[in-house]
Amino acid sequence: MHVDADLLILGGGCAGLSLGQRLAEQSLGSHRTLIIEERPDYTNDRAWCFWRFGGHRHDHLINHSWSKMKLASQGKSVLADCSRTPYQMLHSLPFYNDACDAIERTTHCGLKLSTRLVEPPKQVAGLWHIETNHGQLIARHIVDTTPPGAPTVGDSVLWQSFFGQEVECEYPVFDPLAVTLMDFAGCLVGGVLFHYVLPVSATRALVETTVFGPRPLVVADLADVHATAVSQLCNGRNFNVLRSENGILPMGMKIPLPRAQPGYVRAGLMSGGARPSTGYAFQRIQNWAETAARQISLGVTPSTHRTEPVIRHFMDQLFLRVIRSHPQRGAELFLRIFGAADTARVIRFLSDRGSLVDCAAVVASLPKGLFLGELWHSLMEQKSKTVGIS
């Protein structure tokens, strides 16, 4: 039987292209990889941010770096020095182009745009059959980076919903050396509301309005409060919108992923690629792509994203439950973390590099009574469910 690919990657977003690029850079002989992506072309549809701990493969694509970061709420603020691990922004289009160029230069990797699944993949006699809008494809293995379902209330402890615009203001109003990670503006639809400002010059910045809440929100839910924030940042003067972006990220998925099948692996943002307590995903996806590509080169089935260490998983889940139960205290909690704990420790913790001492420092910065109360409530809730089942 004709086989179109040894490995078929479903989805050519961040995860799919990251893995595809690494496989393109390897000499895999007769191993054939094919990526299928629904969009007809790539645009500058988002930006990824992370702290730089040293040289990395995307250094040449970085749009801007900041040596200071700020958190603010109702006149209170924390300004932290991050010059040793600068906060960096990578626009998506340079990333997409870089990955696509690497794939196009090879004969063993390919990318098919404007291609979507019309029904779920089926395994027949050890091979995967995939029906697309351009016909059937047959592959030996699948890495599926597409979302397993639409964001739904209850599927995640919280959802991070955001709407952003890159704006050019009429007059200089921004500090291009300092990124505003969180400028809190109260609550919206039962979630923590804040603005995220990434200035690349005195007149130009990416401004995002974000909510950590129990409901996934669409642009219409955020548009009015976002427009007010941008107007205030530009001091009521004229500005131009250069581009827009929006998204919904899981923060602590509560439903299990579809059951694993031989030769079929799930990965990507909605399948463990995002840090539950923050939504940061880019570096985690790069680490996964590096590992998966190495496994494939050795003839091993690639793994999905690694599970969180027990302590970090516990901390993330408890923190998210506290935010969900007490959104009005969200600003206080984040300002306490960055104001009381050593900045380097906080950055390592948020970047999945934290030691036990770093974790302890973050915990020590938080109000004990609030978290112990939520822990007790969680235990009683779990006990009630257990009794109900029995």
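So our numbering is basically just the index in the sequence shown, starting at one, shifted up by 17. Every residue, glycine too, gets a C-beta built ideally from N, C-alpha and C.
- Per DSSP, Asn252 is not a residue of any beta strand (DSSP E), being assigned neither H nor E.
- If you check the CB distance, Ile26 and Val160 come in under 7 Å.
- Judged by DSSP secondary structure, Thr226 falls within the beta strand (DSSP E) whose first and last residues are Arg221 to Gly230.
- Spatial neighbours of His81 in its own chain (CB-CB distance under 6 Å, excluding positions within 5 residues in sequence) are listed in chain order as Met106 and Val217.
- Relative to Arg292, the option among Cys99, Gly269, Gln278 and Ala310 whose CA is nearest is Gly269.
- Around the Cβ of Phe299, a 10 Å sphere holds 16 or more other Cβ atoms; the residue is buried.
- Boundaries of the alpha helix (DSSP H) around Gln334: Val327 to Ser342.
- The Cβ neighbour count for Asp58, taken over all protein chains shown within 10 Å, is under 16; the residue is labelled exposed.
- The beta carbon of Ala156 sits closer than 8 Å to those of Val20, Asp21, Ala22, Asp23, Leu24, Leu25, Leu51, Leu144, Trp145 and Ile147, all from its chain and outside the five residues before and after it, given in chain order.
- If you compare the alpha carbons of Lys93, Met287, Cys251 and Arg301 with that of Lys271, the shortest gap goes to Met287.
- Taken in chain order, the unbroken stretches of beta strand (DSSP E) that lie wholly in the stretch 71-122 and span 3 residues or more are 81-83, 85-90, 93-98 and 104-108.
- Under DSSP, Lys129 forms a beta bridge with Ile53.
- Under DSSP, Asp161 takes part in a beta bridge, and its partners are Leu27 and Arg283.
- Fewer than three Cβ pairs drawn from the stretch 231-242 and the stretch 117-134 lie within less than 8 Å of each other, which leaves the two stretches out of contact.
- For Gln312, the enclosing alpha helix (DSSP H) has its first and last residue at Phe299 to Ser314.
- Nearest Cα to Ile79 within the set Met18, Lys87, Leu383 and Trp65: Trp65.
- Per the DSSP secondary-structure output, Asn263 pairs in a beta bridge with Phe180.
- Beta-bridge partners assigned by DSSP to Trp65: Leu107.
- Considering only Glu225, Val209, Leu350 and Ser178, the residue with the shortest C-alpha distance to Val196 is Glu225.
- Comparing alpha-carbon positions, the option among Arg370, Ala222 and Gly290 lying closest to Arg69 turns out to be Arg370.
- Under the 10 Å beta carbon count, Ser109 is surrounded by 16 or more other beta carbons and is classified as buried.
- Judged by DSSP secondary structure, Gly347 falls within the alpha helix (DSSP H) whose first and last residues are Gly347 to Ala357.
- For Lys139, the secondary structure class from DSSP, reduced to helix, strand or coil, is strand.
- Beyond the five residues adjoining it in sequence on each side, Phe366 comes within less than 7 Å, by CB distance, of Asp375, Cys376 and Val379 in the same chain, given in chain order.
- A straight line joining the alpha-carbon of Gln38 with that of Gly253 spans about 44 Å.
- When only Cα atoms are considered, Glu325 and Glu307 end up about 18 Å apart.
- Excluding five sequence positions before and after Arg49, the CB atoms of its chain that fall closer than 7 Å to its own CB belong to Ala22, Asp23 and His125, given in chain order.
- Taken atom to atom, the span from the alpha-carbon of Val339 to that of Ser178 is near 18 Å.
- The continuous alpha helix (DSSP H) containing Val374 extends over residues Leu373 to Ala381.
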